[in-house]
Amino acid sequence: MFSASAFAMAACSEKDPVEQKIDSLLSRMTLEEKIGQMNQLTGIGLADDMTAQIRAGKVGSILNELDPGVINELQRVAVEESRLGIPLVFARDVIHGFKTIFPIPLGQAASWNPQVAEDGARIAAIESSSVGIRWTFAPMIDVTRDPRWGRIAESCGEDPYLASVMGAAMVRGFQGNELSDPSSVAACAKHFAAYGATESGKDYNTTWIPELQLREYYLPPFKAAADAGAATFMCSFNDINGVPSSGNAFLNRTVLRDEWGYDGMMVSDWGSIEQMIPHGFCHDLKEAAGKAANAGIDMDMMGYAYISHLADLVKEGTVSEKYIDESVRNVLRLKFRLGLFDNPYVDVTGEDIFYSDESLGKARRAAAESAVLLKNDRKVLPVGASVRSVAVVGPLADSPADQIGTWCFDGEPEHSVTPLAAIRSMYGDKVRVIAEPGLSYSRDKSAEGIRKACEAARNADVVLYFAGEEAVLSGEARCRADISLPGAQTELLKALKNTGKPVVLVVMAGRPLTIGYEAGLADAVLYSFHAGTMAGPGLADVIFGKEVPSGKLPVTMPRMVGQVPIYYAHKNTGRPAADITLIDDIEVGTKQTSLGFTSYHLDAGDSPLYPFGYGKSYTEFSYGPVTLSSDRLARGGSLTASCEITNTGDFDAAEAVQLYVRDHVGSLVRPVKELKGFNKVFIRKGETAKVEFVLSEDDLAYWHSAELSDGDLAFAHSTLVHTAEPGEFSVWIAPDSASGVPAVFSLE
Ligand code: GLC
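The opening position of the sequence shown corresponds to residue 2 in the numbering used here, with each subsequent residue numbered one higher.
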C-alpha cells in the first residue's frame with residue numbers, strides 16, 4: 002500500500018530535475034530573498050550600494066551592465082557572498098545587433114526571409130553573450146498599422162502572420178539549439194500586448210481594443226513566440242480598455258498562463274509598474290506593486306515597487322505568497338535553463354568575436370535582401386557599364402550613425418560602411434564618384450548645399466540620392482504626426498530632377514514615409530529601412546546589380562498621413578470604394594446628393610502609395626493561375642493551392658510568393674484578404690517554379706462568438722471560439738497584397 006508521502010515522493014521523482022531543484026531552493030528561501038529575485042536594477046558598476054544589495058539577496062537581475070569584468074565580479078558577489086548563492090541574469094536590449102548591426106526589424110521583415118532574422122539574432126547572441134549578456138529584450142513583435150508610431154521601426158510590420166514567422170525566427174536565433182549554451186541568450190517577446198495600437202501613433206498612448214480584435218490581430222505573434230520557446234515575455238506600457246498591461250491579469254494570467262500554458266518568466270517594462278500611478282490606475286507604489294504581482298508580473302524592471310512593498314503586501318494578505326512563489330519559480334527556471342547555476346561566469350579569455358567577416362558578410366546580404374525596389378523607370382537600375390560617373394548625394398549617403406537605425410545601444414558607427422564609402426571602395430573602379438551631400442542631415446532646411454549638389458549631378462551620368470530620416474526620428478518616443486521627408490530633402494530632389502539627369506532615390510528610414518510626390522520625380526526608388534552596419538555595401542550591391550532586389554513591403558505605404566490607418570487586410574464595408582471622384586475633379590457647384598457614395602478620401606482615393614507585400618525586381622515574374630487540388634475542403638482535411646511562376650526577365654532572382662485567403666461571408670465581417678503563407682523562391686531567368694501551399698481549416702479559423710447567429714449579438718460578451726465557418730473562400734498566390742486572380746473553394 003503506498004503512503005501519501007510515497008505518492009508525493011513518486012510524483013516528485015517524476016518531476017523534471019529543474020523543477021526539483023527549484024522546489025528545493027524555494028523551500029529554503031525567505032520571503033525577502035524571494036522578492037529579491039523579482040527585482041531588476043540597471044547597472045551602476047561595482048558601486049557599494051549595488052554589491053551590498055546583491056550580497057543581501059535583493060537583486061535578481063541587472064540590465065545595461067556591459068563590462069565583463071564588472072559582470073563577473075557582481076556575479077561572484079551573488080554566487081559566493083549571498084546566503085543562497087543564486088546567480089544573477091544580466092540583460093541588455095540587443096534588438097537587431099550588438100556590435101554587428103543588422104537592418105532594423107522592420108527591414109528584416111522586408112526581406113520576407115526568416116533566415117535573415119534568425120542569422121541576425123544568432124550573431125547578436127554570440128556577440129552579446131561574449132561580454133556576459135544572457136537575456137535580451139527582443140523580439141519586439143507588436144504589429145502596428147500606424148507609421149506615425151516611432152516603434153514601427155522595431156516591429157515586423159502590420160501583419161500578424163509575417164510578424165509571427167519573423168519573430169519566431171528571431172527567438173530561434175537568440176536562444177540557439179540549447180538555452181544553456183553560453184552563446185545563447187534568453188529571448189523576450191515584447192510588448193505584451195497591443196502596444197502597436199497606440200492611439201494617434203503617439204507612444205505610450207491609450208488603446209481601446211475589443212477582445213475579438215486583440216485575439217485576432219495583436220496576440221498571434223506572441224503565441225508564435227511562446228510556441229517557439231521564447232524564455233521570457235515583457236509587458237507593455239499601454240493600457241488596454243483602461244487596464245495597463247502591468248496590472249492586466251486577463252492578459253498575463255488568463256491568456257498567457259491558463260490558455261497558452263506558458264511557463265517562462267514575465268518582466269515589466271522599465272518602470273511600468275510604477276507608471277500605473279500616472280495612469281490613474283493606482284494611488285501609490287504599494288498599490289501598484291500589489292496589482293502587478295496579482296496580475297502575474299514576475300519581475301519589476303527598475304520600478305522599485307516589489308522590493309519596497311511586496312513583503313508587506315504578503316504579510317497583510319493583499320498578495321498571496323503562492324503568487325510570489327510562482328513568480329520566483331519562473332525566475333529560477335529561467336536561470337536554471339540558462340545554465341547559470343552551473344556556469345555563472347562569462348569567459349573573458351575568449352577572442353574578440355565582434356565584426357567577424359562572416360557576420361559582416363551576413364549583415365551585408367541582409368541589407369541587400371531587405372531593400373525594396375518600388376520604382377525603376379526605364380530600368381535605370383542596376384547601374385550598368387554605360388554609366389561612367391555617379392553623383393552620390395543626400396544627407397544619408399555618408400551618415401554612419403543614422404544608417405544603423407534606432408535601438409542600437411552598442412552599435413559603433415565607426416564600423417558602419419556607408420553607401421558613399423561602399424560605392425567608392427567597391428565600385429569606384431567602375432564609375433567616377435562625385436560626392437556632394439547637398440544637406441548635412443535629414444532635417445537640414447538650409448538650401449546652400451543644393452547648388453553644389455546639382456553641380457555634381459550635372460557632371461555625372463546618374464544621380465544616387467540617399468534621403469530619409471536620421472535614426473533619432475524613429476524608435477521609442479520618436480513619433481511623427483507628419484511622415485514626409487524632413488528638412489529640405491524634397492527641394493533638393495526637385496533641383497536634382499531639374500538637372501535632367503536620371504535620379505535614383507534611395508530612402509533610408511525607420512518607417513514608411515509619404516514620398517508620393519518624390520517618387521513621381523525620381524526615375525527609380527529603392528526603400529531601405531535603416532539597414533545597419535553594412536547598409537552601404539548592401540545597397541551598393543543592389544544599385545550596381547551584384548544583388549537583385551527581392552524585398553517586399555512589410556507595411557502599407559500611405560499616400561498621405563491622413564489615410565492612416567491604411568492597411569491591406571481591411572474590411573470591405575457596405576460601400577466599398579468605387580466611382581472615385583477626386584477632390585480636384587469635382588465640378589464647381591456640384592450639389593451634395595446621397596447617391597453613389599462609396600468609401601474613400603476625396604484627396605487621396607482609397608489606395609495606398611504602395612501596398613503591403615509590394616516590391617519590384619530587376620527581372621519580371623509571370624504568375625500563372627492558382628490551381629486547387631480540390632474546390633472543396635472537408636473538415637479535418639486539407640487542399641493544395643499551387644501556382645507556376647516564370648522568370649521572364651533577364652536576371653536570376655528571388656521572389657517572395659505570397660498566399661492570401663478571403664472568407665467571403667462570416668458571422669462577423671471578414672477582411673478582404675489575409676496573408677496565410679509565403680515562400681521566398683529563387684528562380685533562374687527563363688525558368689518556371691511551381692509553388693505550393695497546403696491549406697487546412699485551421700488557416701481559415703478566426704475568433705468569433707459561438708452564439709453569434711446574427712449581428713444582434715455582436716456586442717454581447719459570450720464565449721469566444723476560434724473556428725472556421727463553412728462557406729466560400731478565395732485564395733490568391735500573388736506577388737503582393739494588391740495583385741492576382743483568386744481561385745475559389747468551399748469549406749464544408
Ligand atoms: C524601454 C522599452 C523596452 C526596453 C526596456 C529596457 O523603455 O520600452 O522595449 O526593453 O525599456 O531598455
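The beta carbon of each residue, even a glycine, is placed where N, CA and C say it ideally should be.
Remember, it's a predicted structure, so these values are computed and weren't measured experimentally.
Boundaries (first-last residue) of the alpha helix (DSSP H) holding residue i
| i | result |
| --- | --- |
| histidine 310 | 306-316 |
| leucine 257 | Segment: none, leucine 257 is in no alpha helix (DSSP H) and carries neither H nor E. |
| alanine 139 | Taken as a continuous stretch (DSSP letters only), alanine 139 belongs to no alpha helix (DSSP H), as it is neither H nor E. |
| aspartate 50 | 49-56 |
| arginine 459 | 451-459 |
| alanine 570 | It is not in any alpha helix (DSSP H) - alanine 570 carries neither H nor E in the DSSP assignment. |
| aspartate 264 | Careful: aspartate 264 lies outside any alpha helix (DSSP H) and carries neither H nor E. |
| isoleucine 23 | 18-29 |
With 16 other Cβ atoms within 10 Å as the buried cut-off, status of residue i
| i | result |
| --- | --- |
| glutamine 593 | exposed |
| methionine 2 | Because the pLDDT of methionine 2 is 40, which lies under 50, any placement of that residue in the model is unreliable, and the number read from its coordinates should be weighed accordingly. Flag for methionine 2 reads exposed. |
| threonine 145 | buried |
| arginine 479 | buried |
| lysine 191 | buried |
| phenylalanine 622 | buried |
| serine 4 | The predicted position of serine 4 is uncertain, since its pLDDT is 48 and thus under 50; a value taken from the coordinates is nonetheless stated next. Answer is exposed; the Cβ neighbour count stays below 16. |
| aspartate 120 | buried |
| aspartate 240 | buried |
| glutamine 21 | exposed |
| alanine 11 | Residue placement at alanine 11 is poorly supported in this model, since its pLDDT is 48, which falls under 50; the coordinates are not used for a value here. |
| cysteine 13 | Low confidence applies to cysteine 13: its pLDDT is 46, below 50, so where it sits in the model is not reliable, and the reading given next is rough at best. Exposed. |
| serine 6 | Because the pLDDT of serine 6 is 48, which lies under 50, any placement of that residue in the model is unreliable, and the question is left without a value. |
| alanine 9 | Because alanine 9 carries a pLDDT of 48, less than 50, the predicted location of this residue cannot be relied on, and no value is offered for it. |
| aspartate 651 | exposed |
| serine 400 | buried |
| aspartate 285 | exposed |
| asparagine 499 | exposed |
| glycine 58 | buried |
| tryptophan 209 | exposed |
| threonine 641 | exposed |
Contact test: residue i Cβ vs the ligand GLC heavy atom, cutoff 8 angstroms
| i | result |
| --- | --- |
| lysine 203 | no |
| methionine 266 | no |
| phenylalanine 175 | no |
| glutamate 275 | no |
| tryptophan 209 | no |
| glutamate 477 | yes |
| histidine 192 | yes |
| asparagine 40 | no |
| asparagine 206 | no |
| tryptophan 136 | no |
| leucine 64 | yes |
| aspartate 270 | yes |
| methionine 235 | yes |
| phenylalanine 238 | yes |
| methionine 171 | no |
| aspartate 94 | yes |
| methionine 141 | yes |
| methionine 302 | yes |
Nearest-angstrom Cβ-Cβ length linking residue i and residue j, presumed shorter than 8 angstroms
| i | j | result |
| --- | --- | --- |
| serine 129 | phenylalanine 99 | 4 angstroms |
| arginine 149 | serine 201 | 7 angstroms |
| glycine 728 | valine 666 | 5 angstroms |
| proline 69 | valine 132 | 5 angstroms |
| methionine 535 | alanine 398 | No, methionine 535 and alanine 398 are not in contact; Cβ-Cβ is about 15 angstroms, not under 8 angstroms. |
Residue i - containing beta strand (DSSP E), residue span
| i | result |
| --- | --- |
| leucine 375 | 373-377 |
| aspartate 343 | It is not in any beta strand (DSSP E) - aspartate 343 carries neither H nor E in the DSSP assignment. |
| glycine 539 | Careful: glycine 539 lies outside any beta strand (DSSP E), inside the alpha helix (DSSP H) at 536-544. |
| alanine 759 | No answer is possible for residue 759: it lies beyond the span of the chain, which begins at 2 and ends at 749. |
| glycine 291 | Not the beta strand (DSSP E): glycine 291 falls in the alpha helix (DSSP H), residues 286-295. |
- Task: Please confirm if the region 574-584 is in contact with the region 554-563, defined as three or more CB-CB distances below 8 angstroms between the two stretches.
- Result: The answer is no - the region 554-563 does not touch the region 574-584, with fewer than three Cβ pairs under 8 angstroms.
- For the region 170-187 against the region 242-253, are there 3 or more C-beta pairs whose distance is under 8 angstroms? With the cut-off at 8 angstroms, the region 170-187 and the region 242-253 do not touch.
- Item | Three CB pairs or more closer than 8 angstroms across the region 731-748 and the region 648-660 | Judged by Cβ distances under 8 angstroms, the region 731-748 makes contact with the region 648-660, as three or more pairs qualify.
- For the 8 angstroms Cβ check, are there 3 or more pairs between the region 219-236 and the region 265-276? Output reads yes: the region 265-276 touches the region 219-236.
- Query: Quick one: any contact between the region 480-492 and the region 439-451, if contact means 3 or more CB pairs under 8 angstroms?
  - Reply: Segments in contact, yes.
- Message: For the pair the region 525-542 and the region 423-432, tell me if three or more CB-CB distances fall below 8 angstroms.
- Response: Contact holds: three or more Cβ-Cβ distances are below 8 angstroms.
- Task: Specify whether the region 321-337 and the region 70-80 touch according to this definition: at least 3 beta carbon pairs, one from each stretch, less than 8 angstroms apart.
- Result: Contact fails between the region 321-337 and the region 70-80, because fewer than three Cβ pairs, one in each stretch, are under 8 angstroms apart.
- Is the region 87-94 in contact with the region 356-364, if contact means three or more CB pairs nearer than 8 angstroms? Remark: fewer than three beta-carbon pairs, one from each stretch, lie closer than 8 angstroms, so the region 87-94 and the region 356-364 are not flagged as touching.
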